[in-house]
Amino acid sequence: MFRSLCCIVLLSLVAAFSGCDTKIEQFDPNQVYSMTLARSRAIPMDAALQDASEATDSLFGTPNDPRWPTEFLDESLADLVDSARLVQAAGPVLSLQDGTQQGLYREHCAVCHGLSGSGNGPASMVQNPYPRDFRHGLFKWKSTARSERPTRDDLIERIRHGIAGTAMPAYPLISNDELDAIVDYVIYLSIRGEVERDLLSAAVDEMGYEEEVPEDELRLKVPASVGEDSLTEGNEVTLEILNEVAQEWADAEQYVVEVPSPTVAKPTESELTESIERGRKLFHGQIANCVGCHDEDGLGQTITLDYDDWSKEYSSRIGLTPSDSVDMKPFLDAGAMMPRQIKPRTLKDGIFHGGGDAETLYRRIVQGIAGTPMPGIEVVAIESHQGLTVDQVWNLIRYVQSFASDENQETANESR
Amino acid sequence: MNTELKDTVPRSSTIVHRLAVLTVVLTWPLIWVGGLVTTYDAGMAVPDWPNTYGYNLFLYPYKTWLLGPFDLFIEHGHRLLGALVGFTAIGLVISAAMTEERRWVKILSAIILLLVIIQGGLGGIRVMLSDRVFAMIHGSTAPIVFAIATAGAVVTSRWWKQLSVANHVAVAPDNQAPHNHENANSGMAIPSAGTITVISVLLIVCFTQLVLGAKIRHLQPTDSPSWFLYTVWAHVITAFLIWLLTAVVWRQLRGSSDFSVSRPGIILVALTAVQILLGIVSWVVNYGWPSFLQWFPGASGHLIESKNYVDALLVTAHVAIGPLILAVSTVALLRILRVRYLSRHSFQ
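These protein sequences, in sequence, are chains A and B. Note that the numbering used here has the first sequence beginning at 329, numbered continuously upward. Note that the numbering used here has the second sequence beginning at 216, numbered continuously upward.
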């Protein structure tokens with residue numbers, strides 16, 4: 329009786345209020361990249377976008393029902409992402425009586441990174457820098473070579489410890505299982521996004537998509553079943569792209585940049601002071617030329633007029649002015665973010681977004697920062713104008729790290 | 216010609232007032248816990264309603280509740296506290312029906328109970344449909360319930376009745392009207408109609424602000440970034456508008472010799488100041504320091520910690536102070552209306 333009464337009251341209230349949750353049935357197609365290609369290739373992309381989106385959805389499922397296309401992947405790639413973890417990370421937020429959390433991505437990530445990992449979640453515009461768009465497969469903070477994918481540990485590190493000075497929080501309280509589920513989902517979204525982008529490129533560059541779709545043989549489609557005998561060329565290209573993208577993620581561990589020890593691994597105080605001084609000279613010198621962007625003593629006041637690669641793709645690289653809102657409007661309407669000038673980091677305050685430990689700084693100096701104008705520098709065996717030796721890189725590291733200790737010292741002095 | 220007051224001396228037992236106050240006192244923590252539920256995204260920690268994991272709400276094993284996951288602890292606790300508020304509201308209706316002479320107060324107590332039931336129902340819909348829009352509506356209507364419950368406490372208060380008695384006794388035998396806009400009995404300044412207008416506007420703006428806040432707190436993954444940006448700006452501008460309005464209210468009420476009338480003004484100014492501060496804190500702990508505040512010491516290295524307990528409490532405090540401002544504005548409005556009503560009818 330009580331239950332029935334409750335139901336009646338509830339139904340009346342439902343009738344009284346309109347406007348339930350927006351239905352989340354599928355991922356948004358990547359219209360920004362489609363428009364970018366349309367402009368750069370001067371080809372209408374509607375047909376290509378339609379087929380690429382359908383193929384991507386068919387491979388990867390929906391935000392509420394994600395799937396890992398194990399059946400279409402090489403055996404070695406099948407375990408790259410765990411399907412059960414994907415289910416835990418996807419869908420609406422829910423917690424079970426035993427404390428198991430579901431919908432982890434929407435709970436922790438989607439508000440900034442967006443449902444499809446496009447980096448344009450509802451809270452994205454109020455952040456500087458913008459949240460990462462996973463769909464490029466391009467990540468800044470990683471231990472691997474500049475052009476490679478990050479390792480799982482890199483992603484875990486970023487999520488667990490956050491990025492100081494940005495809106496990316498640290499998640500010290502979530503369990504390791506939950507963290508693994510989120511990492512799997514981020515990899516899944518990234519691979520999904522990369523596959524979609526590659527399909528769009530292949531559609532116009534290889535398969536002959538124009539205003540109309542090409543003949544059936546060339547249409548980008550996922551085969552109905554794994555054992556299908558006669559795959560069309562479109563099927564083969566689709567699966568080839570899927571496997572290539574997944575393979576890059578699987579290979580990430582191979583591209584971890586080794587960090588050689590300096591000649592003097594444990595310097596005395598005077599050796600350290602000398603090393604810092606040598607680093608200071610390198611910082612302001614012509615070979616490393618850090619001062620060119622980071623300013624004298626890392627003050628970061630230099631004015632530069634550059635943008636990150638995510639923004640450049642739909643602006644300067646296709647002949648549009650990033651700061652021109654009229655140029656950018658169609659892209660903004662399609663979900664792109666208004667390009668913002670990228671500013672060299674102020675190092676003087678001792679805050680390093682990607683981490684301030686020596687290994688991380690070594691990789692940062694040698695590889696640069698992917699997706700940004702921060703270049704890497706070649707490591708050479710003997711001192712020359714071609715690059716820096718390992719010891720010189722270490723001198724730079726010690727100089728840059730001295731900013732953090734200076735900052736701590738100043739803080740300590742203030743508190744006395 | 217001495218006509219009697221239309222509003223005769225209200226008689227009701229103190230139990231009505233005590234229950235009305237208890238309803239208010241319990242509703243505020245209920246809003247706090249509800250805010251925590253949203254802060255911790257625990258709205259779906261219990262997937263069924265009105266039961267809790269198949270158990271009757273009151274029979275759910277207390278050990279599982281107290282020692283289980285934190286999400287479950289706050290969501291089930293929110294429901295239990297809600298039920299307690301419901302029982303208190305039922306008590307209020309019964310006691311008002313039995314002891315209260317004023318019919319409109321009886322109706323008001325019934326309205327309070329009805330609103331509590333509807334509020335609970337909205338929470339139930341949020342769970343049964345797993346719908347964040349209803350979570351937002353549930354969060355937006357809670358301050359209305361709180362404000363109406365506060366109204367119940369005000370109209371059953373001793374001040375309300377004493378003022379009535381005083382005026383009743385003070386009806387001038389020679390039918391002299393009061394001068395200088397002052398109540399003949401107490402000598403207190405009578406707030407102008409303009410003050411009522413300002414407080415009414417304040418109430419409307421306050422509620423709008425609470426809805427904006429609820430929208431910001433219940434973001435949907437599909438919401439547009441630019442829409443969110445506009446909502447945030449509207450929330451910020453409205454906050455300062457409210458502060459301005461509270462300053463006007465304070466200025467207009469400070470002349471009153473009756474603290475019950477003048478005090479809400481300064482309380483409103485102070486609460487809004489605290490609220491703005493908490494709003495900035497809430498933003499910083501959720502999204503980091505905004506660009507224009509990067510000069511603040513420590514801003515460039517600030518690390519946001521997801522679901523940090525202290526941060527969660529600060530954010531939830533911001534959620535709870537909003538309804539408090541609405542409630543204090545309601546108190547101010549009702550007291551002014553009372554004073555004006557009595558001053559008008561005392562000398563007819």
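A virtual CB, placed ideally from N, CA and C, is assigned to each residue, including glycine.
Show which residues of chain B have a CB atom less than 7 Å away from the CB atom of residue i.
i	result
Asp-677(A)	Ser-515, Gly-516
Mind checking who residue i pairs with in its DSSP beta bridge?
i	result
Val-279(A)	Past the edges of chain A, shown from 329 to 744, lies residue 279(A), and the structure says nothing about it.
Glu-641(A)	Beta-bridge pairing links Glu-641(A) to no other residue.
Gln-429(A)	Ser-423(A)
Thr-472(A)	Val-584(A)
Tyr-270(B)	Thr-267(B)
Pro-394(A)	Gly-389(A)
Asp-634(A)	Ile-670(A)
Ala-418(A)	Answer by DSSP bridge pairing: none, since Ala-418(A) is not bridged.
Glu-520(B)	Ala-498(A)
Which first and last residues belong to the alpha helix (DSSP H) in which residue i is found?
i	result
Asp-481(A)	480-489
Met-535(A)	Neither: Met-535(A) is in no alpha helix (DSSP H) and is coded neither H nor E.
Leu-549(B)	524-560
Ala-312(B)	285-314
Phe-349(B)	347-370
Arg-692(A)	686-695
His-622(A)	619-622
Trp-247(B)	229-254
Ala-429(B)	408-432
Trp-339(B)	For the record, residue 339(B) in the displayed sequence is Gly; it is not Trp. From DSSP, the alpha helix (DSSP H) with Gly-339(B) extends over 318-343.
Gln-317(A)	An answer regarding residue 317(A) cannot be provided, because it is not within the stretch 329 to 744 covered by chain A.
Let me make sure I understand the geometry here. Which of the options has the alpha-carbon closest to that of residue i?
i	options	result
Thr-364(A)	Ile-604(A), Arg-692(A), Asp-526(A), Glu-624(A)	Asp-526(A)
His-464(A)	Thr-601(A), Asn-358(A), Ile-670(A), Val-592(A)	Asn-358(A)
Pro-420(A)	Tyr-635(A), Gln-430(A), Ser-411(A)	Gln-430(A)
Lys-549(A)	Glu-399(A), Arg-691(A), Thr-566(A)	Thr-566(A)
Ser-444(A)	Tyr-516(A), Asp-481(A), Asn-571(A)	Tyr-516(A)
Ala-417(A)	Tyr-433(A), Thr-428(A), Gly-427(A), Glu-403(A)	Tyr-433(A)
Leu-529(B)	Arg-550(B), Val-489(B), Gly-516(B), Leu-234(B)	Val-489(B)
Ala-664(A)	Ala-709(A), Val-360(A), Phe-355(A), Val-511(A)	Val-360(A)
Asn-392(A)	Met-702(A), Ser-589(A), Leu-414(A), Val-573(A)	Leu-414(A)
Gly-628(A)	Tyr-642(A), Phe-680(A), Thr-601(A)	Phe-680(A)
Ala-580(A)	Gly-447(A), Arg-474(A), Pro-551(A)	Arg-474(A)
Ile-615(A)	Leu-483(A), Val-708(A), Leu-405(A)	Val-708(A)
Ser-472(B)	Ile-551(B), His-353(B), Thr-531(B), Asp-263(B)	Ile-551(B)
Gly-683(A)	His-533(B), Val-534(B), Arg-555(B), Gly-516(B)	Gly-516(B)
Arg-341(B)	Val-534(B), Ala-532(B), Ala-454(B), Val-261(B)	Val-261(B)
Tyr-502(B)	Phe-731(A), Gly-490(A), Pro-701(A)	Gly-490(A)
Met-373(A)	Val-592(A), Ala-530(A), Leu-716(A), Tyr-690(A)	Ala-530(A)
Counting only Cβ pairs nearer than 8 Å, list the residues of chain A close to residue i.
i	result
Asp-263(B)	Those do not exist, as Asp-263(B) stays about 11 Å from chain A at its closest Cβ, beyond 8 Å.
Val-252(B)	Simply none; closest approach about 11 Å.
Gly-297(B)	Here the premise fails: no neighbours, minimum Cβ distance about 13 Å.
Gly-338(B)	Here the premise fails: no neighbours, minimum Cβ distance about 10 Å.
Ala-257(B)	Ser-423
Tyr-502(B)	Ala-451, Val-454, Gln-455, Ala-495
Listing by chain order, which chain A residues have their CB less than 7 Å from the CB of residue i?
i	result
Lys-522(B)	Leu-501
Thr-423(B)	In chain order: nothing, as chain A lies at least about 17 Å away.
Pro-276(B)	In chain order: nothing, as chain A lies at least about 11 Å away.
Val-447(B)	Val-454
Asp-286(B)	Ser-423
Residue i touches chain B at which residues, Cβ-Cβ below 9 Å?
i	result
Ser-452(A)	Pro-440, Phe-443
Ala-593(A)	Within chain B, no residue comes near Ala-593(A); the closest Cβ sits about 28 Å away, beyond 9 Å.
Gln-629(A)	Near Gln-629(A) there are no residues of chain B at all, since even the closest Cβ is about 13 Å away, more than 9 Å.
Gly-490(A)	Leu-518, Ile-519, Glu-520, Ser-521
Leu-443(A)	Pro-436, Thr-437
What in chain B is Cβ-close to residue i, meaning under 8 Å?
i	result
Ser-598(A)	Ordered by position in chain B, no residue passes the 8 Å Cβ test against Ser-598(A), which lies about 30 Å from the chain.
Ile-352(A)	Pro-436, Thr-437
Asn-448(A)	Pro-440
His-436(A)	Ser-521
Find the residues of chain A that neighbour residue i, judging by a C-beta separation of less than 9 Å, and give them in chain order.
i	result
Tyr-268(B)	Gln-425
Ser-506(B)	Asn-456
Taking 6 Å as the cut-off, does the CB of residue i come closer than this to any heavy atom belonging to the ligand ATP?
i	result
Pro-478(A)	Questions concerning the ligand ATP fall outside what the structure shown contains, since it holds no ligand whatsoever.
ask   = Considering only residues of the region 438-478 of chain B, which uninterrupted alpha helix (DSSP H) runs meet the minimum length of 4 residues and lie entirely inside it, listed in chain order?
value = 440-468
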